[in-house]
Each structure stands twice: as structure tokens, then as C-alpha cells.
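With the numbering used here, you'll find the sequence shown wraps up at 431, consecutive numbering, no jumps.
The C-beta atom is built at its ideal place from N, Cα and C for all residues, glycine as well.
It should be emphasised that the depicted structure is a prediction, and the values quoted were computed from it without experimental measurement.
Data first, discussion second: the structure below is written as C-alpha cells.
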Amino acid sequence: MAEEVVVKGWVYKRRKMGAKIFIDLRTVFPQEFTGQVLQVVVSKESLSDDEFNRLKKITQESALEIKGILKEEPRAPGGVELHVNKVLWVNEAESPYPLGKKAHSPDVLLRNRHLTIRSPRYQKILIIREKVTDFLREWFKQDGWYEVFPPILVFTAAEGGATLFKVDYFEEIGFLSQSAQLYLEALIFSLGKVFSLTPSFRAEKSRTPRHLTEFWHFEAEGAWYRYDDIMRAQESAVAYTIKKLLEDEKMRNWIKEFRGDISILENIKLPFPRIKYSETIDILQSKGFNISWGDDLGADEEKALSEEFEQPFFVTHYPTAIKAFYVKETPEDPKICYSADLMAPEGYGEITTGGEREENIDRLIERIKREGFDPELYYWYLDLRRYGSVPHSGFGLGIERFMRWLLKLYHIRDTVPFPRLARRKELV
Ligand code: NSS
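What follows is the structure, encoded as C-alpha cells:
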């Protein structure tokens, strides 16, 4: 353990104890300490007077490059501490630091988001998030899906018109993509099964702890995939991601720090339960909800339902009328469609929506009109049904929704470094 290392990072806290200075350093090099602070011990005898005096007054968030010896110390975070031998480089931060010692209101933290994200809490969230997308990708690649790169500037809506962000596109109207789905549907005729990870935008005015106006969307679409096939792909990918996260000791400990109990994650089993929408209405009515068949499940309903489960679960066979124009109706009853939402347990609710797509062109045109969209604009999407139409299915998972449940965070904004919310004020 007694090797000399160079450590680079920023001062998180400093305190003096007797003749020693203790610095909690937010270390980014070496990377193994990122997400926790490294305890740095500064003794007068190991440094020049000049160096010691500089460190004695070092301000919060000053950048430091130091050399020293790592020693085991069970009481320090991570079980080691660095005994400094040399200060290689310093950049003193202005003082006071805007996010100093005291607690700050959510608004102050949002206004200082560019600084807030430096804290160990956000370092952990950002690293866990990266792993989540890595493992989702890994599952899909291992299962033979191609990663593709659909556009963000689009000219047709994929979801409801009410949540479209308009863009001035050289005097014509464009939109920010709500979902890559329609383009993925086009791409399956080229590559068979495809997935993408892109930002999606929703002009959602509703200020809820689970809505962002910009979120990261993991979407997949497979030719000849039926309703059950796409549910199996989703549950396998989600279960794989959780298993891989828990296999990594550091991720496992961090997830435990955030959510407390991880037994639900450890006990995830395939297949996930599937319940029909009509059954959820019965359950909700028995719990006293004033809801009837045909109503959408709101946040409160989803929460109550999801508290009943200890596993992620699918709600299937929704009413066609409350789902988007592209979902396929069941042949037995056109009022019911092949759409399924994957719900997180523990009160968290929807994390994916997916299902089988309408492949009949006439029914699709009818549904596009009913949605209030112009079928002319969708000529290219309708061509997919004209030239070699096949049964196909897909889904979209909101990375932030998944993260919110995984870490049991109250607000979805904490899963992204720079959240985009319905408010403009206080956003960096
Ligand atoms: O609108 S969705 O329910 N469905 C689609 O966009 C499909 N076109 C996806 C597909 O089949 N390719 O959104 C899918 C998921 C949803 O379950 C959430 O997890 C997430 O996208 N989502 C959001 N996350 C955060 N904030 C907002 N506003 C949001 N809207 C959807």
C-alpha cells in the first residue's frame, strides 16, 4: 500500500486538527476515488512551510495536484487516506463558494446546477447512469440489435400534438423529436431489429416529479416481433441491467446508499408479471379510486397500483382510445390494443411504453386523422405499410424514469445533470 501516487481533484472540506490539516478531496484522478472523497492528511513535517501555509488556508473547490502515500485507514471514506509529500500545483478558488457549507433551497441549487453537479451525490448518480445505458446497450447488442442514429429535428409528430416543441425550420415548421419510433420503424426494413438512445422532447406543462421536457429515450423496434416478443426483450434487458449493476460492488454499494433496501432489485425474476388494464381498473376500484374502464391511469392510480408489486410488471391490453395512433387494435375487440406499459414497483410507476404496431394502412390512415394529424405529412410512414408491411413491435424506456426508481429519488430532475423543466426560471 505504501506507494507514492499523484492525485488530482478539488477541495471539498478542510479542517485543522492539532498540527495536521485534513482535506476531503473530490478526486477525479485516479478515477477509483471519484464519487467519494479521499481523505488527505497534511503534516507540517512532510511539507515546506510555504506549502503547508498554503494548504492551511486552502478554500473550498480549489484545484489541487498533490503527491503522497496512500495508507490504509479504516475510519476514512474508502478505507485509505493520502499522506501528502508534495504539492505539485494549486489553483485557489474564490471565496466564498456559492454552495458553501449551509443547506440550500432547491431553487438556489438549480440556479447553481453547474456547481451542484460537482458534489459526490451527483458524481455517483452520473456514474450509475452511465452504467445503466452501457448495460442496456450491451443487452441489445448481444441479442443482435443494431444501434442506429435517428434525427432529432423532425417534421411529423410521433406522440400527441399537445406536447410538440415547434422549431423554425427555414421559415417552415419543424419539431423536436418526441420519440424516434417512426424512424426506427422505417429502419427495421433495412436492418431487421434496431435500437437508439436519443434525447426526446415533450412540451409538458405539468410540473410533476416525473416529467422532464427533455429526456433520454432508449427505444427499440423489431420486424416480426409480436406483442409478447417485445415484452420479453424489455424485461430481459431491464433484468440484465439490474443484475450487472449489482454485480459491480461499487455500484451495488452506491445504489444501497441511495435507495436503502436493495432486496427488490436482488429478487427480480423473469418473467415479470403481466396484468390486463381491465384488471387494474378492478384493483383500483376496490381501493376506492373513482375510475372506470376507458380512463387513463394517472400518477395517483399508477402509484397505488405499483405499490402492490415487488417486481416490475406489465400492464397490457389498454383501451385503444387512450394510446397513440400507431398501436395495433386486437382482432377480437378494436377497443382494446396491443400496448403495454412496464411499471416499476414501490409506487414509482411507468418506465416504458411499447407494443405491436398497426400494419394495416387503411386503419392507420383513419387513426392518423382521428389524432388530428394530416396523413399527407405521414406519406413516408404509410409507405412502410405499402411496401412489404410486416408485423412489428417496439418500445421506449425513459432513462430518467428508470433511474428515479432505481435510486428511489423523489424528483426526476436529479437523474440528469442539467434538467429541462416546465419552468424556465433558475435553469442553467
Ligand atoms: O410517450 S411514451 O409513453 N411512448 C413513446 O414515446 C413511444 N413512441 C416509444 C416507443 O414505442 N418507441 O414514452 C415512452 C417512455 C415513457 O414510458 C417514459 O419512461 C418516458 O418515455 N417519458 C418521459 N420521461 C420523462 N419525462 C417525460 N416528459 C416523459 N415522457 C415520456
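| query | result |
| --- | --- |
| Just checking, does the region 231-249 make contact with the region 204-216 on the three C-beta pairs under 8 Å criterion? | no |
| Run through DSSP, which three-state label would Y125 get? | helix |
| Below 8 Å on the Cβ atoms is my contact criterion, and I expect L91 with K70 to pass it. Report the Cβ-Cβ distance as a whole number of Å. | 6 Å |
| Measure the C-alpha to C-alpha separation of P445 and D146 and round it to an integer number of angstroms. | This structure cannot settle anything about residue 445, because the visible part of the chain is limited to 4 through 431. |
| Within 10 angstroms of its Cβ, does T211 collect 16 or more other Cβ (buried), or is it exposed? | exposed |
| Cutting at 6 Å between CB atoms, please list the residues of its own chain near A161, excluding the five before and the five after it. | Q181, S182, Q184 and L185 |
| Please state if the CB of G225 and the CB of D232 are separated by a distance shorter than 8 Å. | yes |
| Determine the direct distance from the alpha carbon of D299 to that of H214, and round the result to whole angstroms. | 17 Å |
| Give the straight-line distance between the Cα atoms of F312 and D303, rounded to the nearest whole angstrom. | 15 Å |
| Would you kindly report the start and end of the unbroken alpha helix (DSSP H) that includes Y186? | Q184 to L194 |
| Kindly indicate which three-state DSSP category P109 falls into: helix, strand or coil? | helix |
| Give me the DSSP bridge partner(s) of K19. | I24 |
| Hey, is T356 close to the ligand NSS, as in C-beta under 7 Å from one of its heavy atoms? | yes |
| In the DSSP assignment, find the unbroken alpha helix (DSSP H) run with W148 in it and report its ends. | First-last for W148: undefined, no H or E at that position. |
| Using a threshold of 7 Å, is the CB atom of H220 nearer than that to any non-hydrogen atom of the ligand NSS? | yes |
| Touching or not, the region 360-369 and the region 254-272, by the rule of three or more beta carbon pairs under 8 Å? | no |
| At 4 residues or longer, and completely inside the region 244-286: list those alpha helix (DSSP H) runs for me, N to C. | 252-262 and 266-269 |
| Can you tell me whether A240 is buried or exposed? The criterion is at least 16 other CB atoms within 10 Å of its CB, across all chains shown. | buried |
| In its own chain, which residues sit with a C-beta less than 7 Å from the C-beta of L118, not counting the 5 before and 5 after it? | P101 and L102 |
| Closer than 8 Å is the cut-off here; do at least three beta carbon pairs connect the region 379-388 with the region 79-88? | no |
| Counting Cβ pairs, one atom from each stretch, are 3 or more of them under 8 Å apart for the region 123-135 and the region 157-172? | no |
| Between E75 and P123, what straight-line distance do the alpha-carbon atoms span, to the nearest angstrom? | 21 Å |
| Roughly how many angstroms lie between the CA atoms of I271 and L410, to the nearest whole one? | 16 Å |
| Could you check the C-alpha separation between L194 and W227 for me, to the nearest Å? | 12 Å |
| Determine the burial state of R360: buried for a count of at least 16 other Cβ atoms within 10 Å of its Cβ, exposed for fewer. | buried |
| Just verifying my parser: in three-state terms, what is the DSSP assignment at N94? | strand |
| DSSP three-state call for I415: helix, strand or coil? | helix |
| Count the other CB atoms, across all protein chains shown, that sit within 10 Å of the CB of E250; report buried if there are 16 or more and exposed otherwise. | exposed |
| In or out: W142 buried (at least 16 other Cβ within 10 Å) or exposed? | buried |
| With H, G and I counted as helix, E and B as strand and the rest as coil, what does DSSP make of V431? | coil |
| Smallest Cα separation from T62: which of V14, F138 and K253? | V14 |
| Closest by CA to K16, which one among Q34, V43, E7 and F36? | V43 |
| Classify D336: buried if its beta carbon has 16 or more other beta carbons within 10 angstroms, exposed otherwise. | exposed |
| With DSSP collapsed to three states, give me the class of N115. | coil |
| Helix or strand or just coil, what does DSSP make of T166? | helix |
| Could you tell me whether any non-hydrogen atom of the ligand NSS is closer than 7 Å to the CB of I325? | no |
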